[in-house]
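Numbering (this note's numbering), first residue to last: 14 to 138.
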């Protein structure tokens, strides 16, 4: 589910994105501009956020919850690559045209994420 980014301006959201590897070092004004462009996404436990080999369309920051990143090998085995939580960013490669997600992201718990489309990320850069 998505909601308009304008409703997301809270100090806790600013603090979370300010500490991500993606947005670290930006001024408060810049962070506010970034936050204004975000869409809020909610995912229930065991729901997929994106799948390996899908077109990479959104960059995310996790506000609440835990996400499992996994990859399916050529032999069909699923390998857990990483577990992410609040304050982590993922799918940064979506800023590149024609990029694909190299991993699958699944909500382990109920999750609240901020997301920026590829076009929005390119504009912000």
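Glycine included, every Cβ here is placed at the ideal spot set by N, Cα and C.
For clarity, every value in this text was computed on a predicted model and none was experimentally measured.
- Assign residue 109 to buried or exposed, taking buried as 16 or more other Cβ atoms, counted over all protein chains shown, within 10 Å of its Cβ. Taking the chain shown and counting its residues from 1, one reaches residue 109 at position 96. Looking at its Cβ environment, which holds fewer than 16 other Cβ atoms inside 10 Å, residue 109 is exposed.
- Looking at the structure shown, is residue 49 part of a helix, part of a strand, or coil, going by DSSP? Along the chain shown, one-based indexing puts residue 49 at 36. Of the three classes helix, strand and coil, the one that applies to residue 49 here is helix, per DSSP.
- Query: Under a Cβ-count criterion, where at least 16 other Cβ atoms within 10 Å of its own Cβ denotes burial, should residue 56 be classed as buried or exposed?
  - Reply: Taking the chain shown and counting its residues from 1, one reaches residue 56 at position 43. Classification for residue 56: buried.
- Message: Given this structure, state the Cα-to-Cα distance separating residue 60 from residue 80, to the nearest angstrom.
- Response: Walking along the chain shown from the start, residue 60 turns up at place 47. Walking along the chain shown from the start, residue 80 turns up at place 67. Taking the straight line joining both Cα atoms gives about 10 Å.
- Same chain, Cβ closer than 7 Å to residue 133, neighbours up to 5 away in sequence not counted: Along the chain shown, one-based indexing puts residue 133 at 120. If you ignore the 5 residues before and after residue 133, its C-beta comes within less than 7 Å of the C-beta of 50, all in its own chain and listed in chain order.
- Message: Rounded to the nearest angstrom, what separates residue 116 and residue 82 at their Cα positions?
- Response: Your numbering for residue 116 matches position 103 in the chain shown. Your numbering for residue 82 matches position 69 in the chain shown. Their Cα atoms are separated by approximately 6 Å.
- Given a threshold of 16 other Cβ atoms within 10 Å of its Cβ, counted over all protein chains shown, does residue 42 qualify as buried or as exposed? Start at 1 with the first residue of the chain shown, and residue 42 comes out as number 29. Exposed, since its Cβ has fewer than 16 Cβ neighbours within 10 Å.
- Message: Do residue 52 and residue 131 have their beta-carbon atoms positioned less than 9 Å apart in this structure?
- Response: Here residue 131 is taken as the residue at index 118 of the chain shown, counted from 1. Here residue 52 is taken as the residue at index 39 of the chain shown, counted from 1. Their beta carbons are not under 9 Å apart, which means residue 131 does not touch residue 52 by this criterion.
- Kindly indicate which three-state DSSP category residue 121 falls into: helix, strand or coil? If you number the chain shown from 1, residue 121 lands on position 108. Correct three-state label for residue 121: coil.
- Query: Which same chain residues, not among the five before or five after residue 31, have their C-beta less than 6 Å away from its C-beta?
  - Reply: In the chain shown, the residue the question calls residue 31 occupies position 18. Contacts found: 44.
- Item | Three-state class that DSSP yields for residue 43 in the structure shown | As a working note, residue 43 is residue 30 in the chain shown. In the structure shown, residue 43 sits in a helix (DSSP, three-state: H, G or I).
- Report buried or exposed for residue 101, applying the criterion of at least 16 other Cβ atoms within 10 angstroms of its Cβ. Stepping through the chain shown from its first residue, residue 101 is reached at position 88. The Cβ neighbour count for residue 101, taken over all protein chains shown within 10 Å, is at least 16; the residue is labelled buried.
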